[in-house]
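Protein chains in written order, with my numbering: chain A, 1 to 143; chain B, 144 to 286.
In this text, a Cβ means the ideal position worked out from N, Cα and C, and glycines have one as well.
Since the structure comes first, as structure tokens, the remarks are kept for the end.
Protein chains: 2
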Amino acid sequence: MEVTIVDSQRLAIQKKIDKVLCSKADVTSCCPIKDILARFGDKWSIYTILTLGKEEKLRFNELKSQINGVSQRMLTVTLRSLEEDGLVSRAVYAEIPPRVEYSLTPLGEGLLLQLLQLADWAKLNINQILDARERYGNKEMQA
Amino acid sequence: MEVTIVDSQRLAIQKKIDKVLCSKADVTSCCPIKDILARFGDKWSIYTILTLGKEEKLRFNELKSQINGVSQRMLTVTLRSLEEDGLVSRAVYAEIPPRVEYSLTPLGEGLLLQLLQLADWAKLNINQILDARERYGNKEMQA
DNA sequence: ATAACTAGGTTACTTTTAGTAACTCAAAGG
DNA sequence: CCTTTGAGTTACTAAAAGTAACCTAGTTAT
């Protein structure tokens, strides 16, 4: 149970990594994984996608109240960038007061499914990570 | 091919999301997915994990030259935080000039496998995202 | 013997990005 | 005519990412 990657897997993994990393020269221009991860590196994007995943449509203030701690500006900025990438769609109804409904696009739902897979791994391993952090903290103390 | 999530899946997904989001109150304290994603939200962590995945051990400057564009400080900071979380291990040899070897821990290799899965999705869908961005850019122009 | 090189960092500084608080719009209700 | 409502902006501050120059201590080259 010590080794996660066995030698037979290693070669295939190395090939895959090479493809993911693209050639060294143009990491910034073509690397899809960087692009995708940059998308939810900021903490609000994940919550926004997950929250929108629960109900098919949500209005701005419904989202704001369900995503605990987000400010208006941060939610606006997050939604705009998700919309820009085609992960979230925004429907504006010309009413007063205004009504705007947000929902995941099919592409956004696809990403949601990936996030949930990652969440499964996270749930299984979070304790190992927390333990490691604690050990590291103790080591720091001594130094 | 339009709809990614069919109704039969919807309920299971909603349940999963609820678990992932934890209760609204303690998002900051317990949410594993936030913790995991926060880990490679910064752009260098992904590259570091992927690069370490290719070879079992790498020295500081080998890493630095393989991760195109990273500065010494950023690599140091990134490696320290990965080490803190138990994803990367750091072996120091008391020589002059110093030798320090970095490698993925089993936990880190587990995360690597997850990242590669995500990369598969990213590769399949990056064009849709780039197209959406272009459309959005054009819409902006008109406004 | 001193200048430059090495590996693996730090320190001090600058630029981006995240985040907060207060303001806007236009109509409806009191 | 003053407040409320929903969905945002604007102007500002705090925090994070990133850069450039420096450090250490022993080895080789001049």
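Quiz item: Between residue 34/A and residue 186/B, which are expected to be in contact by the criterion C-beta below 8 Å, what is the C-beta distance as a whole number of angstroms?
Solution: Against the first sequence, residue 34/A aligns to sequence position 34. Against the second sequence, residue 186/B aligns to sequence position 43. Yes, they are in contact, since the Cβ atoms of residue 34/A and residue 186/B sit about 6 Å apart, within 8 Å.
Quiz item: In chain A, what lies closer than 9 Å to residue 276/B by C-beta?
Solution: Here residue 276/B is taken as the residue at index 133 of the second sequence, counted from 1. The contacting residues are 84, 85, 86.
Quiz item: Which residues bound the alpha helix (DSSP H) around residue 71/A?
Solution: For the purposes of this step, residue 71/A is taken as residue 71 along the first sequence, with counting starting at 1. Careful: residue 71/A lies outside any alpha helix (DSSP H) and carries neither H nor E.
Quiz item: When the Cα of residue 60/A is compared with those of 36/A, 93/A, 41/A, which residue comes out closest?
Solution: Numbered from 1 along the first sequence, position 60 holds the residue referred to as residue 60/A. Looking at the Cα atoms, 93/A is the closest of the given residues.
Quiz item: Given residue 100/A, which residues of its chain have a CB within under 8 Å of its CB, disregarding the five upstream and five downstream residues?
Solution: Locating residue 100/A in the first sequence gives position 100, counting from the first residue. If we look at residue 100/A and ignore the five residues flanking it on each side, its Cβ neighbours are 59, 60, 90, 91, 92, 93.
Self-check item: Under the three-state DSSP convention, the category residue 283/B falls into
Solution: In the second sequence, the residue the question calls residue 283/B occupies position 140. Note: residue 283/B maps to helix in three-state DSSP.
Quiz item: Any idea which residues DSSP pairs residue 201/B with across the strands?
Solution: Reading the second sequence from its first residue, position 58 is the one you call residue 201/B. Note: residue 201/B sits in a beta bridge opposite 245/B.
Self-check item: Chain-order list of residues whose beta-carbon lies under 6 Å from that of residue 255/B (same chain, five-residue window excluded)
Solution: Locating residue 255/B in the second sequence gives position 112, counting from the first residue. Excluding sequence neighbours, residue 255/B sits near 192, 196.
Quiz item: In terms of DSSP beta bridges, what is residue 231/B paired with?
Solution: Here residue 231/B is taken as the residue at index 88 of the second sequence, counted from 1. Bridge partners of residue 231/B: 247/B.
Quiz item: Do three or more CB pairs link the stretch 121–133 of chain A to the stretch 102–110 of chain A at distances below 8 Å?
Solution: The stretch 121–133 of chain A, when compared against the stretch 102–110 of chain A, does not touch it at the 8 Å Cβ threshold.
Quiz item: Name the DSSP bridge partner or partners of residue 93/A?
Solution: Translated into the one-based positions of the first sequence, residue 93/A becomes position 93. Its beta-bridge partners are 99/A.
Quiz item: Mind checking whether residue 205/B and residue 133/A have CB atoms under 9 Å apart?
Solution: Locating residue 205/B in the second sequence gives position 62, counting from the first residue. Locating residue 133/A in the first sequence gives position 133, counting from the first residue. Not closer than 9 Å, so no.
Practice problem: Check whether the Cβ of residue 208/B sits closer than 8 Å to any heavy atom of the ligand SAH, and report yes or no. | Solution: No copy of the ligand SAH appears in this structure; indeed no ligand is present at all.
Quiz item: What's the gap between the Cα of residue 170/B and the Cα of residue 155/B?
Solution: By one-based count along the second sequence, residue 170/B stands at place 27. By one-based count along the second sequence, residue 155/B stands at place 12. With a pLDDT of 45 at residue 170/B, under the threshold of 50, the predicted position of this residue should be treated as unreliable, and no value is reported.
Quiz item: Are residue 181/B and residue 69/A close, meaning C-beta to C-beta below 9 Å?
Solution: Along the second sequence, read from residue 1 onward, the residue named residue 181/B stands at position 38. Along the first sequence, read from residue 1 onward, the residue named residue 69/A stands at position 69. In this structure, residue 69/A does not lie closer than 9 Å to residue 181/B by Cβ.
Exercise. Using a Cβ-Cβ cut-off of less than 9 Å, list which residues of the stretch 153–165 of chain B approach chain A; keep chain order.
Key: 153, 156, 157, 159, 160, 161, 162, 163, 164
Practice problem: Could you work out which residues of chain A lie near residue 181/B, taking near to mean beta carbons separated by less than 7 Å? | Solution: Position 38 of the second sequence holds residue 181/B. Here the neighbours are 43.
Exercise. Measuring alpha carbon to alpha carbon, tell me which of 46/A, 32/A, 86/A ends up nearest residue 116/A.
Key: Here residue 116/A refers to the residue found at position 116 of the first sequence. Considering only alpha carbons, the answer is 46/A.
Quiz item: Below 9 Å between beta carbons: does that hold for residue 219/B and residue 17/A?
Solution: Position 76 of the second sequence, counting from 1, holds the residue named residue 219/B. Position 17 of the first sequence, counting from 1, holds the residue named residue 17/A. Cβ distance not < 9 Å, so residue 219/B and residue 17/A don't count as in contact.
Practice problem: Please report how far the alpha carbon of residue 121/A lies from the alpha carbon of residue 273/B, in whole angstroms. | Solution: Locating residue 121/A in the first sequence gives position 121, where the first residue counts as 1. Locating residue 273/B in the second sequence gives position 130, where the first residue counts as 1. Their Cα atoms are separated by approximately 28 Å.
Exercise. Please compile the residues from chain B whose C-beta is within a distance smaller than 7 Å of the C-beta of residue 125/A.
Key: Counting from 1 along the first sequence, the entry for residue 125/A is found at position 125. Simply 250, 253.
Quiz item: So, is the C-beta of residue 260/B closer than 9 Å to a C-beta in chain A?
Solution: Stepping through the second sequence from its first residue, residue 260/B is reached at position 117. Cβ-Cβ to chain A under 9 Å: yes for residue 260/B.
Quiz item: For chain A, is any of its Cβ atoms less than 9 Å away from the one on residue 200/B?
Solution: Along the second sequence, read from residue 1 onward, the residue named residue 200/B stands at position 57. False, the Cβ-Cβ gap to chain A never drops below 9 Å.
Quiz item: In the structure shown, what three-state DSSP assignment does residue 67/A receive?
Solution: For this step, residue 67/A is matched to residue 67 along the first sequence. In the structure shown, residue 67/A sits in coil (DSSP, three-state: anything other than H, G, I, E or B).
Exercise. May I have the straight-line CA-CA distance separating residue 175/B from residue 163/B, to the nearest angstrom?
Key: Taking the second sequence and counting its residues from 1, one reaches residue 175/B at position 32. Taking the second sequence and counting its residues from 1, one reaches residue 163/B at position 20. Taking the straight line joining both Cα atoms gives about 7 Å.
Quiz item: What is the rounded straight-line gap between the Cα of residue 109/A and the Cα of residue 280/B?
Solution: By 1-based counting over the first sequence, the position of residue 109/A is 109. By 1-based counting over the second sequence, the position of residue 280/B is 137. One C-alpha to the other measures close to 22 Å.
Quiz prompt | Interface residues of chain B facing residue 64/A [CB-CB closer than 7 Å] | solution = Here residue 64/A refers to the residue found at position 64 of the first sequence. Residues of chain B passing the Cβ test: none, with the nearest at roughly 12 Å.
Exercise. Classify residue 231/B as buried or exposed, calling it buried when 16 or more other Cβ atoms lie within 10 Å of its own Cβ.
Key: Stepping through the second sequence from its first residue, residue 231/B is reached at position 88. Classification for residue 231/B: buried.
Exercise. Return the Cβ separation of residue 250/B and residue 229/B in integer angstroms, given the expectation that the two are a contact with Cβ distance under 8 Å.
Key: Your numbering for residue 250/B matches position 107 in the second sequence. Your numbering for residue 229/B matches position 86 in the second sequence. Indeed they touch by this definition, with Cβ atoms about 5 Å apart.
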